[in-house]
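J.: The opening residue of the sequence shown carries number 2 in this note's numbering; numbering runs sequentially from there. The C-beta atom is built at its ideal place from N, Cα and C for all residues, glycine as well. This is the structure I want to talk about, given as structure tokens.
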Amino acid sequence: MSRPNCPHCGSTWVNKAREVKNKYVTKQGYKCPECDRFFVERDGFEGKTYPKEVIVDALHLFVEGLSLSKIREHLYQHHGGYSPSDGSILNWVREYSELVEKFEKEQMEDPKIGRKIHLDEVVLKVGKKCTTQ
Ligand SMILES: [Zn+2]
């Protein structure tokens with residue numbers, strides 16, 4: 002796995018540091034020797050209680066039209082006993098649809114840039130569903 006750039010100063014020379022753990026997720030931490038600051042790998046899911054796989058799966062099931070209780074049942078059975086609340090699931094849906102909307106808006110404002118968007122197809126579907134309702 003390639004090392005990330007320092008989010009503070011942009012340096013590409015960062016050192017692996019301690020791991021950061023919450024209830025369910027362990028993330029690799031890094032220390033930047035340029036600006037002497039600590040940061041955690043960024044995958045768009047930093048600061049979340051649940052693992053990325055669980056969140057993406059929940060969004061996918063939401064797009065498929067499953068009810069919240071069915072989504073929770075699936076997550077519980079397929080992801081080793083995770084059972085996020087309805088509120089958590091709805092938060093994920095809202096948060097990632099906003100993210101997609103923002104990216105789409107930026108693209109529309111300047112279509113010549115042709116930037117590559119690194120978002121899950123699943124997340125894009127969620128964005129479409131939410132904005133067309
Ligand atoms: Zn730095």
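On the premise that D58 lies in contact with L69, defined as a C-beta separation below 8 Å, what is that separation, rounded to the nearest angstrom?
T.: In fact, because the Cβ distance is near 14 Å, the residues do not count as touching under 8 Å.
J.: Does any heavy atom of ligand 1 sit closer than 6 Å to the C-beta of E35?
T.: For ligand 1, at least one heavy atom lies less than 6 Å from the Cβ of E35.
J.: Excluding the 5 residues preceding and the 5 following K53 in the sequence, name in chain order all residues of the same chain whose CB lies nearer than 7 Å to its CB.
T.: Closer than 7 Å at the Cβ level, and outside the excluded window around K53, lie D44 and F46.
J.: Assuming contact is defined by CB atoms lying nearer than 7 Å, are F39 and P8 in contact in what I supplied?
T.: For F39 and P8, no; Cβs fall outside 7 Å.
J.: Flag H9 as yes when its Cβ comes closer than 6 Å to any non-hydrogen atom of ligand 1, and as no otherwise.
T.: Yes, Cβ of H9 sits closer than 6 Å to a heavy atom of ligand 1.
J.: Mark C10 as exposed unless 16 or more other C-beta atoms lie within 10 angstroms of its C-beta, in which case mark it buried.
T.: C10 should be labelled exposed.
J.: Should S12 be counted as a contact of ligand 1 given a C-beta to heavy atom distance under 6 Å?
T.: Answer for S12: yes, Cβ within range of ligand 1.
J.: Restricting to runs no shorter than 4 residues, where is the alpha helix (DSSP H) found entirely within the region 35-89?
T.: Counting whole runs of 4 or more residues, the region 35-89 contains the alpha helix (DSSP H) stretches 53-64 and 69-79.
J.: DSSP beta-bridge partners for Y31?
T.: Y31 is bridged to K17 and F40.
J.: Give me the DSSP bridge partner(s) of K22.
T.: Answer by DSSP bridge pairing, in chain order: T27.
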